[in-house]
Amino acid sequence: MLNKGLAASLICLTALLSTEQVEAVEPLLAKELAEHCAHYAAQPIGEDATFCVRYVQGFIDGAVATDERVAANVAAEMNKEETFSERAIRLRGSSRLESRYGPTVYAEFCLGEPVELKEVVEHVINDLMNSQVLASTQLARDAVYKVLRRDFPCQTDQ
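Numbering-wise, the sequence shown is residues 5 to 162 according to the working numbering.
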């Protein structure tokens, strides 16, 4: 009986050790995103164009989620050391910023309510089709972020 248990344990251990090693997720290159986005004009609902659109949408969704989480974490940290009055002033100011500029204000771009995803994607594609941009930007996330910050900045009061 002991031999069967030992044999089963050895089989399980061998199976675990013989599985392929897990690798880290590699970031998407700007050149790779450009290859997908190049199909957008001809086939806007094709597989490659859909990949392009969903990448941009995912980037924006990630920025929104990250900004909200970072703001919550900063607020939680500040709550430990501030008075009730200081907290009230900070929260009013923070909520005004977010309500005025949107949830991505801390990411340094503001899409506002009227901006359609299609418009944002077209701005990204225009940049990705520029060979100088591709030569100077290695990662897709950097290319998308650059466009969002440049073309959709948060308006400041002058």
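Ideal Cβ placement from N, Cα and C applies to all residues, glycine included.
The three-state secondary structure of Leu115, taken from DSSP, is coil. Inclusion of Phe113 and Phe156 in the CB contact set at 8 Å is warranted, their separation being smaller than that value. Assignment of Leu143 by DSSP, reduced to helix, strand and coil, places it in the strand class. Distance between Asn134 and Val128, taken at the CA atoms: about 10 Å. No residue range can be given for Cys158, since it is assigned to no alpha helix (DSSP H) and is classified by DSSP as neither H nor E. Taking the Cα positions, Asn130 is about 10 Å away from Val124. For Leu33, the pairing in a beta bridge is given by DSSP as Leu143.
Residue environment: Val29 is assigned as exposed (fewer than 16 neighbouring CB atoms within 10 Å of its CB, all protein chains considered). Taking the Cα positions, Thr70 is about 10 Å away from Phe63. The beta carbon of Val57 is closer than 6 Å to those of Val125 in its chain, skipping five residues each way along the sequence. Per the coordinates, the alpha-carbon of Val119 lies some 25 Å from the alpha-carbon of Leu138.
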